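There are 2 protein chains.
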Amino acid sequence: MSPTATQSEATRERLIDAAGEIFAANGFRQVTVREICDRAEANIAAVNYHFGDKRGLYEAVFRHAALCAPPTQLEGPPEVRLRGAVEALLGCVFGVGRPTWYARLMMREMMEPTETLDQVVDERIRPFCDELETIVGELAGGRLADTDRRRAVRSLVAQCVYYQHCRAVIARLDPDQRFDADEQARIADHVAAFTLGGIARLASGARP
Amino acid sequence: MSPTATQSEATRERLIDAAGEIFAANGFRQVTVREICDRAEANIAAVNYHFGDKRGLYEAVFRHAALCAPPTQLEGPPEVRLRGAVEALLGCVFGVGRPTWYARLMMREMMEPTETLDQVVDERIRPFCDELETIVGELAGGRLADTDRRRAVRSLVAQCVYYQHCRAVIARLDPDQRFDADEQARIADHVAAFTLGGIARLASGARP
DNA sequence: TTGCATTTCAAATGCGCGTTTCAAAAGAGC
DNA sequence: GCTCTTTTGAAACGCGCATTTGAAATGCAA
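Below you can see the structure in the form of structure tokens.
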């Protein structure tokens, strides 16, 4: 062991990685500092030394996770950009390649919001939603009021995050349901089609 | 004080009511037995006496909450029944009249499923989803495969529960957003229209 | 009235866990 | 080599909280 600067940094990273997984899987309260340090192969005092306290570690983890934003398709006709946005969202949820615990962490943060959530909303979520509103507006041919556009964006996002937030129920209703890349693509097809239909209906002005 | 059978029952009920609110608001771990007993005006030992332990109380609460199922419109054309189902779902989420903590409790249960969730899925959720599938099938004129029907039901449900699961984000994106009965009705309009459009698009066979 | 069963009460117990402490290890600068 | 700073290590502290305990209170039956 050589406690040099790079070694210290390595310890920090091991703690963040271990804590990210465990926090996402079990929530803030459930997780013990001992458990995190065990997996990170760090001493019990490392958390307090590097992050002040347990909450400081959590915030570092959340901030670190928030860095991997969904990459979106910025060019092309609105149908293509819609499809790209859906895949980006589902990619976060299904997390086939990425660190799979970010979406779960986000879900937990939504249930018990802290100040960290405000930052993430401002820095990441709002810009993304603004872009979605633009796409929806174009798809509707400019025939939607602001409120309707906003609600349509919610309907779109809802269909994606549903597979994260209600996975427990989905898995029980449909034991055969898979959550791999192939299924992700099929769901993306469905959500894109359903959303196009929904927007078309809204734009047509028909009310049920 | 008269520790008779009805008094004992009253204590049980006070504990369940108090615990329901507090569990829903703060989660299982956060809540202390002391806090529950304080609000229920019961002794600290009452929880262990009546429910064995804290977990036993939680399960009793969840079972009790699961009894208030969404009342659905069973007759009429599928458009009307769809609208009824949307309102029932949103009613659970917005909880304008009902015990408002059921939806929150359900959300928590979805994140950390216990055996209790299996029962609730079998007894309440699956029958409800079966009915939704029937409605969707009728709306599509029988032109949807089972898989597409199921996904459409998910898209429908997702739009409703989104207002529960992501309320923290919605409130931050839209500080003016209200969650009262009036807004609930407008959202029901939107979700019903959006869903009709989505189903129509799926039934038309068009793919993006 | 007097035992008996049920429920409530206040205090105590025990323990899990975040945090602190203080010493040891290991470079960095002189 | 020697001090100084940074990082790690093992053990201990202290607190919060679920749970237990044993007695008191209360109704019921004989």
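Order-wise, the sequence lines are chains A and B.
Per the numbering used here, the very first residue in the first sequence carries number 4; after that it's consecutive.
Per the numbering used here, the very first residue in the second sequence carries number 4; after that it's consecutive.
Just so you know, even glycine gets a beta-carbon here, dropped at the ideal spot from N, CA and C.
Fair warning: this is a prediction, and the values are worked out from it, not measured in the lab.
Handout entry: Extent of the continuous alpha helix (DSSP H) run through Q122(A)
Key = 118–123
Practice task
Please check the pair I190(B) and R154(A), which I expect to be a contact at CB under 8 Å, by giving their CB distance rounded to whole angstroms.
Solution key: 7 Å
Problem - Beta-carbon neighbours of L199(A), restricted to chain B and to distances below 9 Å - result: G200, G201, R204, A209, P211
Exercise for the section: Run through the region 125–210 of chain B for me and flag every whole alpha helix (DSSP H) of 4 or more residues, listed as ranges in chain order. Expected result: 129–142, 149–168, 170–176, 184–207
Problem - Nearest-angstrom beta carbon gap, I128(A) and L176(B) [assumed within contact, 8 Å] - result: 7 Å
Problem - Neighbour list for Q33(B) in chain A, Cβ cutoff strictly below 7 Å - result: R32
Handout entry: Environment of Y61(B) [buried if 16+ CB atoms lie within 10 Å]
Key = buried
Problem - Contact set for F182(A): own chain, Cβ-Cβ below 7 Å, skip 5 residues either direction - result: F97
Practice task
Mind checking which residues open and close the alpha helix (DSSP H) that includes A45(B)?
Solution key: Segment: none, A45(B) is in no alpha helix (DSSP H) and carries neither H nor E.
Exercise for the section: Have a look at G23(A) and D125(B) and give me their C-alpha separation to the nearest angstrom. Expected result: 33 Å
Practice task
For Q162(B), return the contacting residues in chain A, with the cut-off set at a CB-CB distance below 8 Å.
Solution key: R157, S158, A161, Q162
Handout entry: Against chain A: residues of the region 184–196 of chain B by CB proximity under 8 Å
Key = I190, D192, H193, V194, A195, A196
Handout entry: Proximal residues to A69(B) (C-beta, below 7 Å), its chain only, five neighbours per side dropped
Key = V123, R127
Handout entry: Per-residue contacts from H53(A) into chain B (C-beta, under 8 Å)
Key = Simply none; closest approach about 25 Å.
Practice task
Give the straight-line distance between the Cα atoms of D20(B) and A63(B), rounded to the nearest whole angstrom.
Solution key: 10 Å
Exercise for the section: Could you say if the region 129–139 of chain B and the region 38–52 of chain B meet the contact criterion of at least three C-beta pairs nearer than 8 Å? Expected result: no
Problem - Residue burial classification, L77(B) (beta-carbon count within 10 angstroms, cutoff 16) - result: exposed
Problem - Chain-ordered chain B contacts of Y105(A) [CB-CB under 9 Å] - result: Neighbours of Y105(A) on chain B: none; closest Cβ ~15 Å, over 9 Å.
Exercise for the section: Could you pull out every residue in the same chain whose Cβ sits closer than 7 Å to the Cβ of R15(A), ignoring the five residues on either side in sequence? Expected result: H53
Handout entry: Environment of E118(B) [buried if 16+ CB atoms lie within 10 Å]
Key = exposed
Handout entry: Cβ pair A43(A), W104(A) closer than 9 Å
Key = no
Practice task
Determine, using beta carbons only, whether V160(B) and L92(B) come nearer to each other than 9 Å.
Solution key: yes
Handout entry: Amino acids of chain B, ordered along the chain, whose beta-carbon sits closer than 8 Å to that of V124(A)
Key = V172, R175, L176
Handout entry: chain B contact residues for C120(A), given Cβ-Cβ distances below 9 Å
Key = The residue asked about is misnamed: residue 120(A) is Leu in this sequence, not Cys. A171, V172, R175, listed in chain order.
Handout entry: CB contact check: Y61(B) to chain A, cutoff 9 Å
Key = no
Practice task
Using only alpha-carbon positions, find the residue among E112(B), C40(B), A196(B) that is nearest to A1(A).
Solution key: The requested residue 1(A) is not part of the displayed model; chain A covers only 4 to 211.
Practice task
Please name the residue, chosen from P81(A), V194(A), T75(A), that lies closest to G145(A) on a Cα-to-Cα basis.
Solution key: P81(A)
Problem - Counted within 10 angstroms of its Cβ, other Cβ atoms place T35(A) as buried (16 or more) or exposed - result: exposed
Problem - Neighbour-count burial assignment, A148(B), 16 or more Cβ in a 10 Å radius - result: exposed
Problem - Assumed close pair A88(A), I138(A) - CB separation to whole angstroms, cut-off 8 Å - result: 7 Å
Practice task
Let me know if G208(B) comes out buried or exposed under the rule of 16 or more other beta-carbons within 10 Å of its beta-carbon.
Solution key: exposed
Problem - Distance between beta carbons of M110(A) and M109(B), contact taken as under 8 Å - result: So it is not a contact: roughly 14 Å between Cβ atoms.
Practice task
Mark A45(A) as exposed unless 16 or more other C-beta atoms lie within 10 angstroms of its C-beta, in which case mark it buried.
Solution key: buried
Practice task
Determine the extent of the alpha helix (DSSP H) in which F97(B) is found, giving its start and end residues.
Solution key: 81–97
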